[in-house]
Amino acid sequence: MIEGAKWKKWLWFYLPMGMFILGLLFPFYWMLVTTLKPDGELYRPWNHPLYSPFWTSAPTLDHVKSLLLETLFGTWMWNTMLIALVATLISLFCGVIAGYALARLRFRWAGLLGTAIFVTYLVPQTLLFIPLAEIIRDYRIGDTPWALILTYPTFLIPFCTWLMMGYFKTIPKELEECARIDGATRWQAMVYIILPVALPGILSAGIFAFTLSWNEFIYALVFLSSPEQKTVPVGVTSELIRGDVFFWGSLMAGALLGSIPVAFVYSFFVEHYVAGMTGSVKG
Amino acid sequence: MARISRRRFLQLSGGGLAGILASQQAPVFAQQSTVHWIRWNDFVPASDELLRKTILPEASKALGIKINFETVNANDLQPRITSAIQSGAGPDIVMLNNNHPQLYAASVADVSDVAEAVAKAQGGYYKLARSNTHDGKKFISVPWSVIGAQIAYRKSWFEEVGYSKFPETWEQYRDAGKKLKAKGRPIGQTLGHTFGDSPTFSYPYLWSFGGKEVDEKGKLVIDAKETVESVRFMTAFWKEAHDEGGLAWDDSNNNRAFLSGTICATLNGASIYIESLRKPDQYKTDKGAQLKTDILHAPLPRGPAGQFAMHTFHSHVIPAYSKNQKAAKQFLTWMHTPANYEKWFVSQKGFATPPTQQWEKHKMWDEDPVMAPYRVAGRLGLTPGHAGPSDRKAAEALTKYIITDMYAKAIQGGTPEAAVKWAAGELKSIYG
Amino acid sequence: MRAFTGVATRGPIGRMLEREGALAFWLLVPTLVLLTLFIAYPFARGVWLSLTNSVVGVPGDFIGLKNFVKLWNDSIFRTAALNTFVYTGVTTVFKLALGLWLALLLNRHFRGKAWVRAFILLPFIIPTVLSTLAWKWMFDPTFSVFNWLFWKLSIINTRINWLGDPDLAMASIMAVNVWRGVPFYAISLLAGLQTINQDLHEAAAIDGANRFQRFWYVTWPLLLPVTMVVVLFSVIQTFADFQLVYVLTGGGPANATHLFATYAYQIGIGTGLLSEGAAISLAMFPALLLVVVFQLWYIRKVENR
């Protein structure tokens, strides 16, 4: 704690902390208020006498209703969940076994391959999306969830691999050696001894990968076109922007509801998420 | 998408169709062709509703085709068709703006059969309709409508500053705007990257000063003193009379601003007025009267070289990747038959003008005098790339917003000459 | 402890998998296949594409480096390049400074610490386009809540043109990026701070160091490795950013806030000039490589101190 006078505590701690919290969380409050405000109140210009931005006197669920009933929001949620889950599972599978190989096994190409996987991180999605669109077409998976399920692992696997490498390195070698003395094959040692111990790490990697999948945009924007195939980020930004018609209420409803699954999952696994994030940074 | 064998289809379209129409029942068979139709989110929402609730179910019944109707933000139509062509799958009928079809000429089907039939039956296309959709050899797109652009303005406010008739020259408009901005009621215009209001303002503005991109022979003539003069005028005009946020506006910001009483005039399709008719009690003047009684329309003012207009144009392409081209063409033909098209046209209340001459005589135009100027939009508009053709190069220049940016750049800083030189450089890399 | 069946299960495959090299190979195969198919191959194809004059629907012919020459002379491209560097540099500095400050604040014990730590990560968790949409509404030219606030506080009496003025628009996108990134920096740095032994601080305090000196000579050097890794990740992501600018300004006004990624999208997908778009995307790579190599070198230097 800060020693000394109470005012010092306020100045050096409570005030800055309060400002951070306000600054970081205000936009979410804004999303909430806008979702519940009726159109009449929403479209008062900023210097109108009755402009009341921070609350509403007549909250309405109209925007939420129009979002859920008049758009394919439910479908987008489903699509995004499915894609995120499958992509995460694929990435975890690849990342865990790759991480084990790089951390535990000695072989000639270990250093090179580790670096190669790192280098792929230097090739961001925004660099690849144009040629990748053609390739997606050639493999005939354009406009299907597979276009994303197969491409998302490209940025999820490197991360999962490093994270798992870090975790595996902290597991004492003795564990495996004991198992092998007991007659286990390398494969059995890995699956039955090491993986259970690394489970927290796997969970962390999984949660982080899940949230990263939800956050992906440009591949989803370019590879999908039918409204039924879209993910939440793409659907909300493309389908709720209608010409000259007012839309901010439903947009904010979409933004709010679209954020909930991720926030929900995150809330259950905060510790693991943080561990995942920091583990990758330290590892 | 369900496939239908050729034989089945011929059976359908031949005797089957007559049988179906006679029995008023959709045929029940295992596979049905689907046509995926994508259009913009109509600025007159009532029309989209009419399509969804009435017209398309009728079409389905009449043709035995399932129609999958999708609407997106108009500015997303281009990325959408590019991605679709790139990934080899997507909608079967795509609506495009202005001369954008020219950019995709190599990837769309030849629709001359549909287009020529409509032209013949309805008194011929307007010149601008043909030039936007014809690539010199064939129709690459079926013209749909012209969205007339006029200045919507507040009658009472202009009267207050001495203009009982809308300003006829740019100098007068600038004067009125200056006075009104001083009262907190500036002119509102977008110079952002949005398909509708920006080019329909910047192109005719340029032409009215005598500037143009190319001449009749196709030579680049943008770098001329008329262009520089237009830029110089615009920079002063903007700062004195316009809402300066307009640089970041899209096609909907001016509607919202006008309807909430923060701007006095804006170039737009008729959607502002139509919206005020839709909810007469939500939009009021500050004296409490219904806003719709204070809105009038006028054409763009005159410049030293005359008065010009450019109207947003809509047409439909059938991409070459589509596996339902026959059904798509069938549908378009059906949609354009006067009985069916008329329903859609009337729901637009004059926002859209049909691309063929015969509709000028339609009685809907006589109903509301405020909408009268829109009747002849198709006849009077010019096309991008003027005085050259509205071809692929003009489409590229349009889609890169070069003319619009020329003005936006000058407003943001720098000399008019520099802005014009920049535009000339950009156009040169397109026209060669 | 699980009992393992012994020699009986070792058939030919089992024997092969005993060799470290073979097992490693098979464990790495899925990863390598996916990364080759969806990163290496598209990268090569992108390079090829950028050397042609392909447009949507038309494969085009080889034209060598003409696209890159055209880009070099394109003032919008130059603006986008400059913007990307400025955007990355400025936001990284702010994210680091504010993130560090927040981490130091969070490093104390106070009631509700777990809640606060959980909540402040929200800007980073929530999909970027969704939170950026909220910001776009807050910056709206006609209905901005910031304008209202400043007007009420009598700081301004005409609208601030957050997204319409080119410099303000750049400031706006940077502000939103910082808002989004500070939690990531804060939580990562917090983890780093928590590994620093408190005894070191006490020893320094006993030696007479004040708070600032304790930070600069004890905390900061020990934090440097974590900091550098966080900065590395963040720089790569920020440099290649697309979503934020796409939603907030679309690259406008008049191309003033374009980054490499958004300009590539506008030219490649918006206008259909695929090869030019690919060239713009590729232009990111050398810069990224340089930045990363420099940072890796710096990290190594710091670690070997």
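If you read the sequences in order, they're chains A, B and C.
Its first residue numbered 1379, the first sequence is counted upward by one per residue in my numbering.
Its first residue numbered 28, the second sequence is counted upward by one per residue in my numbering.
Its first residue numbered 20, the third sequence is counted upward by one per residue in my numbering.
Glycine is no exception: its CB is placed at the ideal position from the N, C-alpha and C atoms.
Asked	Found
Proximity to Ile429 of chain B [Cα-Cα], best of C:Trp239, C:Ser73, C:Pro272, C:Ser191	C:Pro272
Candidates B:Asp277, B:Glu243, B:Val248, B:Phe260: closest to Thr227 of chain B by CA position	B:Asp277
Boundaries (first-last residue) of the beta strand (DSSP E) holding Arg66 of chain B	61-67
Alpha-carbon to alpha-carbon, Gln1566 of chain A and Leu90 of chain C	56 Å
Under the three-state DSSP convention, the category Gly459 of chain B falls into	coil
Nearest-angstrom beta carbon gap, Gly415 of chain B and Glu243 of chain B [assumed within contact, 8 Å]	7 Å
Ser1435 of chain A burial status per 10 Å Cβ neighbour count (16 or more: buried)	exposed
Cβ neighbour criterion (16 or more within 10 Å) applied to Val1652 of chain A	buried
Proximity test, Cβ basis, 7 Å: Val1652 of chain A and chain C	yes
Whole-angstrom distance between Leu101 of chain C and Ser114 of chain B, CA atom to CA atom	32 Å
For Gly237 of chain B and Pro331 of chain B, believed in contact at Cβ under 8 Å, the rounded distance	6 Å
Euclidean distance between Cα positions of Tyr153 of chain B and Lys319 of chain B	31 Å
C-alpha distance - Val248 of chain C paired with Gly1561 of chain A, whole-angstrom precision	41 Å
Nonlocal neighbours in the same chain, by C-beta distance under 7 Å from Met1568 of chain A, ignoring five residues either side	Tyr1478
Residues of the segment 86-110 of chain C with Cβ closer than 9 Å to any Cβ of chain B, in chain order	Lys89, Asn92, Asp93, Ser94, Ile95
Amino acids of chain A, ordered along the chain, whose beta-carbon sits closer than 7 Å to that of Gly115 of chain B	Arg1515, Gly1520
Backbone secondary structure at Phe96 of chain B - three-state DSSP	strand
Assumed close pair Pro170 of chain B, Ser342 of chain B - CB separation to whole angstroms, cut-off 8 Å	5 Å
Proximal chain C residues relative to Val1575 of chain A, where beta-carbon distance stays under 9 Å	Correct list: empty, because the minimum Cβ distance to chain C is about 13 Å.
Collapsed DSSP secondary structure at Ile255 of chain C in the structure displayed	helix
Residues of its chain near Glu444 of chain B, where Cβ-Cβ distance is below 7 Å and the 5 sequence neighbours each way are ignored	Val255
Chain C contacts made by the segment 1624-1641 of chain A, where a contact means CB separation under 7 Å	Trp1626, Leu1629, Met1630, Ala1633, Gly1636, Ser1637, Val1640, Ala1641
7 Å Cβ cutoff, Arg107 of chain B in contact with chain A	yes
Strand pairing of Met189 of chain C, partner residues [DSSP]	According to DSSP, Met189 of chain C bridges with nothing at all.
Helix, strand or coil at Asp1622 of chain A [DSSP, three-state]	Low confidence applies here, because Asp1622 of chain A scores a pLDDT of 47, under 50, leaving its location unreliable and the question unanswered by this model.
Under 8 Å (Cβ pairs) to chain C, residues found in the segment 1394-1409 of chain A	Pro1394, Met1395, Phe1398, Ile1399, Gly1401, Leu1402, Leu1403, Pro1405, Phe1406, Trp1408, Met1409
Chain C contact for Ala436 of chain B (CB, 7 Å cutoff)	Rather than Ala, the amino acid found at residue 436 of chain B in this sequence is Lys. Output row for Lys436 of chain B: interface = yes.
Ala347 of chain B - DSSP class collapsed to helix/strand/coil	coil
Interface residues of chain B facing Glu1512 of chain A [CB-CB closer than 7 Å]	Gln113
Chain C within 7 Å of Thr289 of chain B, Cβ atoms only	yes
Span of the alpha helix (DSSP H), counted from its first residue to its last, around Ala280 of chain C	279-284
Neighbourhood of Phe1624 of chain A by C-beta, 8 Å cutoff - its chain only, sequence neighbours within 5 removed	The pLDDT assigned to Phe1624 of chain A is 48, lower than 50, so where the model puts this residue is not dependable; a value taken from the coordinates is nonetheless given after this. Excluding positions up to five away in sequence, the list reads Asp1417, Leu1420, Tyr1421.
Short-range partners of chain A found in the segment 78-111 of chain B, where Cβ spacing is below 7 Å	Glu97, Val99, Asn100, Ala101, Asp103, Arg107, Ser110, Ala111
Whole-Å CB distance - Trp250 of chain C paired with Leu121 of chain C, under 8 Å assumed	Checking the displayed sequence, the identity of residue 250 of chain C turns out to be Val instead of Trp. 16 Å between Cβ atoms; not a contact.
Validate contact between the segment 395-415 of chain B and the segment 175-182 of chain B using beta carbons, cut 8 Å, 3 pairs	yes
Under 7 Å by beta carbon: chain C residues contacting Pro1531 of chain A	Leu53
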